[in-house]
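Q: First the structure, which I've put down as C-alpha cells, then a few questions once you've had a look.
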Amino acid sequence: MRPKRRQMGDGGVAPTLALCLVWLIPMPASAQSGASARTEIAEAVTSLRGRVVDSAASIPQETLAALSLFLGILFFAVLAAILFVRTRARLQAVERGAREQIGELSARVERAEGLLAVDQNVLVVWPPADEAPEIKCDPGPSRVLPARRGDVLAFGKWLDAESAFELERFVTGLRARGESFNVMLRTRARGDVEPGHVEADGRSAGGRAVLRIRDLAGQRRELAGIHDRLKRLSRDVEGLHALMNVVPMPAWLRDAGGKLVWANDAYARAVGAGNPKAAIEADTPLFNDETRAEVEQARQAGGVAHRQVPLSVRGDDRVHEVWDVKAERFNAGIAVDVNELDRLRRQLGARDSIHARTLDQVSTAVAVFGADRRLVFNNRSFRQLWALDEPFLDSRPGFDEILDRLRAAGRIQEPGEYRRWRDDQLAIFGSDRGADGGEPMRQTLWHLPDGRAFRVVLARQGDGAVSALFEDVTASIDLESRFVALTQVQRETIDSLDEGIAVFGTDGRLKLHNPAFATIWSLAGDDLDGEPHVEAVIGWCRERYDDDTVWASLRAVVTGLLDSRESVSVRMERPDRSIVDLRAVPLPDGATLVVFTDVSDSARIERALRDRNEALMTAARIKNEFVHKVSYELRAPLTNIIGFAQLMSDGEPGALSDRQREYSGYILSSSSALLAIINDILDLATIDAGVMELDIGDVDIRSAVEAVTDGLQDRLKESEIALDIDVPEDIGSFEADEKRVRQILFNLLSNAVGFSDPGQSVRIACRRNGGYHIVFAVSDTGPGIPDEVRRTVFERFESHSLGTRHRGAGLGLSIVKSFVELHGGTVDLETRPGQGTVVTCTFPTRQPERAMSYDDEEPFEAEVHAFDRVPQTGMAIAGADARTGRTERQERR
C-alpha cells in the first residue's frame, strides 16, 4: 500500500511544484527569446521534476500533504500580491491619465469662463428633463441686465411688454422644438435706469436648451437702437397705412420726382382705379392741372398747402378740403369731403343765430366762455344786469377781467378775501370731471349790494367751454323763506289745536298728525311715527269706540276712488261718556283730512244752553204776556183817569174849587208821566221782540228840530234855561222815521234841560258829514257825568240825579240808543265832570231796504202786542195786535 501512496503523491505534488516554479520564473521581455526560454524552462522543469521526485520519494506522506497545503497558501498569497501590484500599477496609470484629462478640462473651463466674463451676460440652461434650469447671472457693471437670479426668467420685470412677449415665444419654441434664435430686445426703465437693449441668443446643445442674454455696447448697441427704431417706424407705417386704407378720404404719397408711390383705397376709388396698385402703376392724378396750380399758389411757408377745391368722384362733383405737404424728398396729401361739413356748418350757424335770438328774450342772464376763459357769447339780460360797455364785451374779455370790472364798479358784493373768491370761481375751467363722473358743474349764490340775490350756475362742457347762468332768485328765496315760515307756523298751529288732526295720503298711510290726535285716542307716539296704514289706525281706535259703520265710512273716504269720495261727519259717544265729532274731508291732491274734536264739554254746555234757552223763551213768553197785561190792564184805566182828569180841569168855572182844580192838575201830570213810562217800556219791548217797524220817509231836519223845541218852550221857560239852535237853513232832509227822530231829539233835549241849572244853556246842532251822514249834537253845560256812571248811562232803568232836580225812570237814553241803531246809526257820548255833556247821534242819509231780521233762529213763540203812544191829553187809542206786524216781517224775510 505504501508504494501506491508514494506513486499518488508523486503524481500530484510534483506537477504542482513544477507549475509554481514555472509561474514564479519571470517571463522574458522580448518575444524573440521566447522559444529558447521555453526550451530552457522545459529542461529545467524536467531536471527539477526528477530531483523532486527523487526527494519526494524519501519524504513521508503526511509531511507532503502539509507541504502541499503550505505551498498552495503560499502560491495564493504570492499570486494575490502579484495581482495587487499589477492592478495598482494599472490604477495609477489610469489616475495619471484622469488627472491629466481633468487638468486639461479645467483649463478649457477656465478659458471658457474667461471668454464668457469678457461680455456682460446671463446664461440659462434647461436640462432635457423637466428639471429646474441652471442660471448663471453675472451682469457685471451692466445696469440693464437683471441683478438677481430670480428675476432672469421674469421677463416682464426688466423687459418692455413687447420684448417680453417676443422672448417668451422664442424660449417656448427653443425648449419644445429646439428652434434657435437671435434677437435684440428692449429693456424697461427701472428707477433711475434708462431703457436699453440686450441680445438674446438661444441654442440647443447636447439635448439641452441654452439661452444667453448679454448687454450690448458700442456699435452693437447703436445697431440695436437703430433696429428698435426701425421696428417702431415699420409698425407705425404699417398702422398708418392700415388706418389710411379704411378712412374714406383720398390720401397719397409722391417721391421727389412727383411719381405716385403710395395711395389708399379711397384714392383708388376717387380716380376710378380698381385698387391702389393699379392707381400707382397708372400714376393717375387726383385733380387736373388747373386745380394743382391753385394748390401750389396756396402753399405757405413750410411747404403746406390748404385749399378747398371741387373734385369729381365717380361722376359726382363734391367740394374737398385738400392738405398738401411738399418736402425735399416727398410730396404727401389728403383730401377731405366737406360737403356735409359745410351743410352742417351752415345749419349750426343758423341754429346758433336762433339760439342767440331766443336767449336774448329770456330773463336769465347767460354768458358763454371759451376754453381760454374769454367771453364767447352773452345775451341781452347779461348786458342789462351788469351794465357793461358794448366795446368791452366785444373785445372778448376774460372771466377774471369781468369779475374785476364788476368789483371796481361796485356791482357785486365784495367778499372778505376777493382774490381767493375769484380763484374759486375760475377753478371751474380747470376741472376735469364732476363728483358723479359727468361734466363738472357748480352753483353759488351771489348777493348784490342792492339786496338782490342771484343763483350763478357755472357748467363746463366737453370742449372746455364754460356756460354761466345768472338767475334772479330774490323772489324765490323770499317765497321759500315765507313758505318755510308758513309751514312752521302751520305745524305749530296744528300742534297747538285741541282738535285731533290726521292727514292720510293717497296710499292710505298717515302723513301728518298732531299731539291732540294721539291724546284723544290714547295712542303712543312711536306707533304713529312710521306712517301706519289707515287699517292699523282704525284697529287702534276700535279699542275705545267699536262701531263698524263709522270706521267703514272713514275707510271708504280714505281709500276710495277720487270721484266717489264724499265728506263724512259723525258724532261718536264713547263708552267712557266722552263725545267726539269725526269729520273726514277729501283734499284736492287726493289726500284725506280727518278731524277729531272732543266735544264732551261743549256738548254739556250746549245742553245747558239749550235748557237755559228754553227757560229764556219761557221767560220771554211770560214777559210778553206781562206786557200784554200791562198794556191792557194799566193803560185803559190810566187813559180813563187822564181823560176824566182833563175833563174836570177843563170844566166850567165854579164846578171845582181852586184847590180841587189844583189836585186835578197834579193827577193829570202824574198820570201823563206814568203813561210816558209805560209807552217807553212798550217801545223797548217791541224793539226787543223784533217787531218794531219804522215808517221811513223824508224828514225835514229843520222842521223836526223846531217841532221838538216848540214842545219844550214851557219847560225851558220854567227852568230858566236858554236854548241855542244851530241848524243851517239849507240842511235839507234825510230818510228816517220822523216820529222816532222827534222822540230821540225830545229825549236828548229833556235830559239836557233836566241836568242844567237855571241860567245855563242847552245847544242843539245839526250838520251833514260828507253827504252820507246826518249828525245831531245836543250839549249842555251841566255837571257832566262821572266815569263810573258813564259806563251805565245807556242801560235800562239806570237813573242818576247827579245832584240836580232831574228825576226819571232811566229809559230816555236807552230809547235813544235803540232807535238810532234801528236806523243804522250810532250814538256817542262825550262828557267831563263840571264841563257838561255832548251826545252825538249819527244817521245815514238814506235807509237801505230793511228786513227786520236779527238772527237766523226762529223767534220766540209768544204774542207781542204793540200799541200806539197815547198823547198826554185826549183819549187813548186802542193798540193793534203786534202779530200782524210780525207776519209782515216774516213775509219780507
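Using the numbering used here, the letters of the sequence shown correspond one by one to residues 123 to 1015.
A virtual CB, placed ideally from N, CA and C, is assigned to each residue, including glycine.
(1) For the alpha helix (DSSP H) containing residue 869, list its first residue and its last residue.
(2) Tell me whether the beta-carbon of residue 891 lies closer than 8 Å to the beta-carbon of residue 897.
(3) DSSP three-state label for residue 381, please.
(4) Would you list the residues sitting across from residue 569 in a DSSP beta bridge?
(5) Tell me which residues share the same chain as residue 740 and place their Cβ nearer than 8 Å to its Cβ, disregarding the 5 neighbours each side in the sequence.
(6) With the cut-off set at 8 Å, would you say residue 388 and residue 369 are in Cβ contact?
(7) Give me the residue from 253, 271 and 961 with the minimum Cα distance to residue 259.
(8) Assess, as a yes-or-no matter, whether the region 356–375 is touched by the region 318–338 under the definition of 3 or more beta carbon pairs within less than 8 Å.
(9) How many angstroms separate the CA atom of residue 266 from the CA atom of residue 309?
(10) Exposed or buried, what is residue 337 when buried is set at 16 or more other beta-carbons lying within 10 Å of its beta-carbon?
(11) At a Cβ threshold of 8 Å, is residue 434 touching chain C?
(12) Can you tell me the Cα-Cα spacing of residue 441 and residue 434, whole angstroms?
(13) How would you call residue 455, buried or exposed, if buried means at least 16 neighbouring beta carbons within 10 angstroms?
(14) So residue 510 and residue 527 are in contact, right, with Cβ under 8 Å, and what is the actual spacing, rounded?
(15) Closer than 6 Å by C-beta to residue 346: which residues in its own chain qualify, once you throw out the five before and the five after it? Chain order, please.
(16) Can you tell which of 574, 591 and 673 has its C-alpha closest to the C-alpha of residue 582?
(17) Assuming residue 622 is part of the beta strand (DSSP E), what are its boundary residues?
(18) What are the start and end residues of each continuous alpha helix (DSSP H) run of 4 or more residues lying completely inside the region 234–310, in chain order?
(19) Label residue 341 either buried or exposed according to how many other C-beta atoms from any shown protein chain fall within 10 Å of its C-beta, with 16 as the threshold for buried.
(20) Looking at the strands, I want to know which residues DSSP matches up with residue 430.
(21) Can you list, in chain order, the residues of its chain whose CB lies under 6 Å from that of residue 941, leaving out five sequence neighbours each side?
(22) Report the partner residues of residue 500 according to the DSSP bridge assignment.
(23) For residue 915, collect the residues of the same chain with a Cβ closer than 6 Å to its Cβ; drop the 5 residues on either side in sequence, then sort them by chain order.
(24) Just how far apart, CA to CA, sit residue 597 and residue 550?
(25) Spell out a yes or no on whether the region 686–699 and the region 646–662 are touching, meaning 3 or more CB-CB pairs, one atom from each, closer than 8 Å.
(26) Apart from the five residues just before and just after residue 631, which ones in its own chain have a Cβ nearer than 6 Å to its Cβ?
(27) Mind listing, in chain order, the continuous alpha helix (DSSP H) runs of no fewer than 4 residues lying wholly within the region 643–731?
(28) Spell out the partners DSSP gives residue 895 in its beta bridges.
(29) Quick check on DSSP: helix, strand or coil for residue 825?
(30) Could you pull the start and end residues of the alpha helix (DSSP H) that residue 609 belongs to?
(31) Just the C-alpha distance for residue 264 and residue 323, rounded to the nearest angstrom, thanks.
(32) Between which residues of its own chain and residue 245 is the CB-CB distance below 6 Å, once the five residues before and five after are set aside?
(33) Go ahead and pull the three-state DSSP assignment for residue 514.
(34) For residue 900, name the three-state secondary structure that DSSP assigns.
(35) Assign residue 394 to one of three DSSP states: helix, strand, or coil.
(36) Starting from residue 949, trace the beta strand (DSSP E) in both directions and tell me its first and last residue.
A: Per the coordinate set shown:
(1) 860–876
(2) yes
(3) When secondary structure is reduced to three states using DSSP, residue 381 falls in the coil class, being assigned neither helix nor strand.
(4) 575
(5) Here the set comprises nothing.
(6) yes
(7) 271
(8) In short, these stretches do not touch, since the Cβ pair count stays below three.
(9) 7 Å
(10) buried
(11) Protein chains in the displayed structure number just one, and chain C is not present.
(12) 9 Å
(13) The residue in question, residue 455, is buried, as its Cβ has 16 or more Cβ neighbours within 10 Å.
(14) 7 Å
(15) 306, 319 and 338
(16) 591
(17) Counted as a single uninterrupted DSSP element, the beta strand (DSSP E) harbouring residue 622 occupies residues 622–626.
(18) Here the runs fully enclosed are 277–280 and 283–299.
(19) exposed
(20) 443
(21) 862 and 866
(22) 489
(23) 935
(24) 28 Å
(25) no
(26) 653 and 655
(27) Taken in chain order, the whole alpha helix (DSSP H) runs of length 4 or more contained in the region 643–731 are 647–651, 656–663 and 670–681.
(28) 891 and 966
(29) helix
(30) 596–618
(31) 18 Å
(32) Excluding positions up to five away in sequence, the list reads 258 and 334.
(33) helix
(34) strand
(35) coil
(36) 948–954
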